[in-house]
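Working notes, beginning with the structure itself.
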Amino acid sequence: MGAFEFLAFGIKQAWACLFGGLMLALLLGTFLWYPGGAVLARYDFLTLAALAIQIALVATRLETWEEAKVIAVFHVVGTAMEVFKTYAGSWVYPEDSLLRIAGVPLFSGFMYAAVGSYLARVWRIFEFRFDRFPPLWVQYLLGTAAYVNFFLHHFWFDFRHALFAATVLIYGRCVVWFRPDRAHRPMPLVIGFVLVALFIWFAENIGTFARAWSYPGQELAWHMVSLSKLGSWYLLMIISFVLVAAVQYRHKDPQSES
1 MGAFEFLAFG IKQAWACLFG GLMLALLLGT FLWYPGGAVL ARYDFLTLAA LAIQIALVAT
61 RLETWEEAKV IAVFHVVGTA MEVFKTYAGS WVYPEDSLLR IAGVPLFSGF MYAAVGSYLA
121 RVWRIFEFRF DRFPPLWVQY LLGTAAYVNF FLHHFWFDFR HALFAATVLI YGRCVVWFRP
181 DRAHRPMPLV IGFVLVALFI WFAENIGTFA RAWSYPGQEL AWHMVSLSKL GSWYLLMIIS
241 FVLVAAVQYR HKDPQSES
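Okay, here's the thing in structure tokens:
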């Protein structure tokens, strides 16, 4: 029984990762086999393919319109940060393309959208319930502060350690109940955040290996992304979680689940 439930958990997780998994497959596939002399640049192909996937998910009702709206917002939020971060030299996109904004290829926003897609889908697929869910207004403040810090630390002080502590204070008592098979199982929400951030970090290593983007020091030879990036993905994932929570609880009181 336990083995079957674990298998069901894995299958549901893979299904929730559909958009992100397809994006990673595209990154690797085009890195290995995309023709160098193609009229359409690789980055532009990735942008059009990602857009086609998003349209297909909505058309086949694998994603709801409400989820698609959150993903679109996260796409815009992510692209805005990409423009700033590449200007600041945090990372670069080494290939040319036409579909770009301020040097940032538009497919990059879909990488952020993949995180939003996963959280929206996993929430629905596993039928999330929560004990001691924090008030939404507190989560809005936390998400806004995390987003601002991605820009602010280039000019002033980096508040990420304070933000890490704030996530524990805000979500530390919260338990998420998820249903891998027939019964709901509990997990401290903060542990869930860490696990999701870890898997995003693994995906980021695949993306940089596929030369979708490069960090300083990866120009000549690929090496694994520093574990310090795990904290950045943790905070970015918090932003996405808050956006999804805003949609999930638009028409109901989250405290009613406690």
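The sequence shown begins at 1 in the numbering used here and counts up one residue at a time. Positions of the beta carbon are idealized from the N, C-alpha and C atoms, including for glycine. Note that the coordinates shown come from a computational prediction; the quantities given were computed from them, not determined experimentally.
> Mapping DSSP to helix, strand and coil, what is Asp158?
Replying inline: By 1-based counting over the sequence shown, the position of residue 158 is 158. The answer is coil: DSSP assigns Asp158 none of H, G, I, E or B.
>> Do Gly143 and Ile239 have their beta-carbon atoms positioned less than 8 Å apart in this structure?
In response: Position 239 of the sequence shown, counting from 1, holds the residue named residue 239. Position 143 of the sequence shown, counting from 1, holds the residue named residue 143. Contact flag set, yes.
> Name the DSSP beta bridge partners of Phe130, please?
Replying inline: Along the sequence shown, one-based indexing puts residue 130 at 130. DSSP output for Phe130 lists Val176 as bridge partner(s).
> Taking just the CA atoms, how far does Ala246 sit from Leu136?
Replying inline: What you label residue 136 is simply residue 136 of the sequence shown in a count that begins at 1. What you label residue 246 is simply residue 246 of the sequence shown in a count that begins at 1. Distance between the alpha carbons of Leu136 and Ala246 is about 7 Å.
> Under the rule that 16 or more other beta-carbon atoms within 10 Å means buried, what is Tyr87, buried or exposed?
Replying inline: Locating residue 87 in the sequence shown gives position 87, counting from the first residue. Its Cβ having fewer than 16 others within 10 Å, Tyr87 is exposed.
> How close, in whole Å, do the beta carbons of Phe193 and Tyr234 come, if the pair is a contact with beta carbons under 8 Å?
Replying inline: Looking up residue 193 in the sequence shown gives position 193. Looking up residue 234 in the sequence shown gives position 234. Confirmed, about 6 Å.
>> So, with DSSP's three-state summary, where would you put Ser214?
In response: The count along the sequence shown starts at 1 and reaches residue 214 at position 214. Correct three-state label for Ser214: strand.
> Near Trp65, which residues of its chain fall below 8 Å by C-beta distance, leaving aside the five closest residues on each side in sequence?
Replying inline: To locate residue 65, count along the sequence shown from 1; it is residue 65. Correct list, in chain order: Val58.
> Excluding the five sequence neighbours on either side, which residues of its own chain have a C-beta within less than 7 Å of the C-beta of Gly2, listed in chain order?
Replying inline: As a first step, residue 2 is located in the sequence shown; it is residue number 2 there, counting from the start. Around Gly2: no qualifying Cβ.
> Rounded C-beta distance between Trp213 and Gly207? I'm assuming under 8 Å.
Replying inline: Along the sequence shown, read from residue 1 onward, the residue named residue 213 stands at position 213. Along the sequence shown, read from residue 1 onward, the residue named residue 207 stands at position 207. Yes, they are in contact, since the Cβ atoms of Trp213 and Gly207 sit about 7 Å apart, within 8 Å.
> Whose C-beta lies closer than 8 Å to the C-beta of Leu230 among residues of the same chain, with five residues either side of it excluded?
Replying inline: For the purposes of this step, residue 230 is identified with residue 230 of the sequence shown, where counting begins at 1. The beta carbon of Leu230 sits closer than 8 Å to those of Ala197, Leu198 and Trp201, all from its chain and outside the five residues before and after it, given in chain order.
> Mind checking Met81: buried by the 16 CB within 10 Å criterion, or exposed?
Replying inline: Here residue 81 corresponds to residue number 81 of the sequence shown, with the count starting at 1. Buried is the call here.
> When you compare each of Val77, Ala165, Arg129 and Ala146 to Ala114 by their alpha carbons, which one comes out closest?
Replying inline: Locating residue 114 in the sequence shown gives position 114, where the first residue counts as 1. Ranking Val77, Ala165, Arg129 and Ala146 by Cα distance to Ala114 puts Val77 first.
>> If I measure Cβ to Cβ from Gly209 and keep anything under 6 Å in the same chain, skipping five residues before and after, which residues do I get?
In response: Your numbering for residue 209 matches position 209 in the sequence shown. One detail in the question is off: residue 209 reads as Phe in this sequence, not Gly. Excluding residues within five positions, the ones whose Cβ falls inside 6 Å are Trp222.
> Any C-beta of chain D sitting closer than 8 Å to the C-beta of Lys12?
Replying inline: Within the model displayed, chain D is absent; a lone protein chain is all it includes.
> Would Val242 pass as a contact of Tyr140 if the rule is Cβ separation under 8 Å?
Replying inline: On the sequence shown, position 242 is the one that residue 242 refers to. On the sequence shown, position 140 is the one that residue 140 refers to. Result yes, Cβ atoms of Val242 and Tyr140 sit closer than 8 Å.
> If Glu5 sits next to Asp131, beta carbons under 8 Å apart, how far is it from one beta carbon to the other, in whole angstroms?
Replying inline: Numbered from its first residue, the sequence shown carries residue 5 at position 5. Numbered from its first residue, the sequence shown carries residue 131 at position 131. With 8 Å as the limit, Glu5 and Asp131 do not qualify as a contact, their Cβ atoms being about 21 Å apart.
> Rounded to whole angstroms, how far is the Cβ of Leu163 from the Cβ of Val175, which I believe are closer than 8 Å?
Replying inline: In the sequence shown, residue 163 corresponds to position 163, counting from 1. In the sequence shown, residue 175 corresponds to position 175, counting from 1. With 8 Å as the limit, Leu163 and Val175 do not qualify as a contact, their Cβ atoms being about 22 Å apart.
> Are Val244 and Leu119 close, meaning C-beta to C-beta below 8 Å?
Replying inline: The sequence position of residue 244 within the sequence shown is 244, counting from 1. The sequence position of residue 119 within the sequence shown is 119, counting from 1. Going by C-beta atoms, Val244 is nearer than 8 Å to Leu119.
>> Buried or exposed, going by whether 16 or more other CB atoms sit within 10 Å of the CB of Phe155?
In response: Residue mapping note: residue 155 aligns to position 155 of the sequence shown, counting from 1. Under this definition Phe155 is an exposed residue.
> Excluding five sequence neighbours on each side, which residues of the same chain lie with their C-beta closer than 8 Å to the C-beta of Pro134?
Replying inline: Locating residue 134 in the sequence shown gives position 134, counting from the first residue. Its chain contains Ile170, Tyr171 and Cys174 as the residues whose beta carbon lies nearer than 8 Å to that of Pro134, once the 5 sequence neighbours on both sides are disregarded; these appear in chain order.
> Are the beta-carbon atoms belonging to Leu27 and Ala49 less than 8 Å from one another?
Replying inline: Within the sequence shown, the letter at position 27 stands for residue 27. Within the sequence shown, the letter at position 49 stands for residue 49. The answer is no: Cβ separation not under 8 Å.
>> So, for Met23: in the same chain, excluding its five sequence neighbours on each side, which residues have a beta-carbon less than 7 Å away from its beta-carbon?
In response: Indexing the sequence shown from 1 puts residue 23 at position 23. Closer than 7 Å at the Cβ level, and outside the excluded window around Met23, lie Ala50, Phe110, Met111 and Ala114.
>> As a quick exercise: from Pro94, Phe159 and Tyr249, pick the residue whose alpha carbon is nearest that of Ala41.
In response: Along the sequence shown, one-based indexing puts residue 41 at 41. Closest option to Ala41, Cα to Cα, is Pro94.
> By Cβ distance, which residues of its chain are closer than 6 Å to Ser256, with the 5 residues on each side in sequence left out?
Replying inline: One-based indexing of the sequence shown puts residue 256 at position 256. With a pLDDT of 48 at Ser256, under the threshold of 50, the predicted position of this residue should be treated as unreliable, though the coordinate-derived value follows. Hits under 6 Å: none found.
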